[in-house]
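Asks: Before we start, here is the structure in question, set down as structure tokens.
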Amino acid sequence: MAADIQTKLFHRFPFVLVDRPGEVRPGASVALRLLSIDEALHEGLAGTTYAQSLLIEAMAQAAALFAEEGERLESGMLVGFRGLTFGRPPRIGDRLDVSASFVQRFGEIVRVAGRVTVSGETLAEGEILLSLGVARGE
24 MAADIQTKLF
34 HRFPFVLVDR
44 PGEVRPGASV
54 ALRLLSIDEA
64 LHEGLAGTTY
74 AQSLLIEAMA
84 QAAALFAEEG
94 ERLESGMLVG
104 FRGLTFGRPP
114 RIGDRLDVSA
124 SFVQRFGEIV
134 RVAGRVTVSG
144 ETLAEGEILL
154 SLGVARGE
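Residue numbers for the sequence shown follow this note's numbering, so the first one is 24 and each next one is one higher.
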């Protein structure tokens with residue numbers, strides 16, 4: 024896990040689902056993940072909800088890379104999703120490109136468009152809702 028990820032995410036091993044930031048700018052980010060043989064993402068049968076739920080969490084963690092505003096006291100939280108679609112399950116050796124981009128904000132709730140791809144092939148995409156928690160000074 025890259026040091027950049029450690030400073031942006033409240034998660035620690037084994038709950039970090041992105042290895043390093045690819046590109047982070049205001050309102051959008053791309054994070055990278057290389058799947059190894061001991062990955063939880065490949066456990067179970069193909070297309071299981073377990074692997075799919077981890078892809079959703081990876082999108083949320085990619086969103087957290089650009090959603091950091093000031094010094095928050097609490098971790099953000101994935102609170103919902105809609106319109107999610109899934110392609111094939113991830114495989115050992117895949118390099119996941121996990122992207123997230125800002126759509127809309129409702130107070131502490133942020134709606135984000137997320138996508139997970141491997142060499143241009145979409146494994147998951149849809150919208151997620153994040154609660155960003157409480158910032159210092161609020």
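Backbone N, C-alpha and C define an ideal beta-carbon position, used for all residues, glycine too.
1) Which word fits residue 102, buried or exposed, when buried means at least 16 other C-beta atoms lie within 10 angstroms of its C-beta?
2) Can the beta-carbon of residue 153 be found closer than 7 Å to that of residue 86?
3) In chain order, what residues of the same chain lie with their CB nearer than 6 Å to the CB of residue 145, ignoring the 5 residues before and after it?
4) In whole angstroms, what is the alpha-carbon distance linking residue 60 and residue 119?
5) Report the partner residues of residue 44 according to the DSSP bridge assignment.
6) Under DSSP, the beta strand (DSSP E) around residue 152 begins and ends at which residues?
7) List the whole-angstrom C-beta distance separating residue 40 from residue 117, where the pair is believed to meet the contact cut-off of C-beta under 8 Å.
8) Would you list the residues sitting across from residue 111 in a DSSP beta bridge?
9) In angstroms, rounded to a whole number, what distance separates the CA positions of residue 43 and residue 126?
10) If you follow the beta strand (DSSP E) that residue 60 is part of, which residue opens it and which one closes it?
Replies: Reading it off the structure:
1) exposed
2) yes
3) 110
4) 14 Å
5) 54
6) 144 to 154
7) About 13 Å separates the two Cβ atoms, so there is no contact after all.
8) Its beta-bridge partners do not exist; DSSP assigns none.
9) 23 Å
10) Run containing residue 60: none; DSSP gives neither H nor E here.
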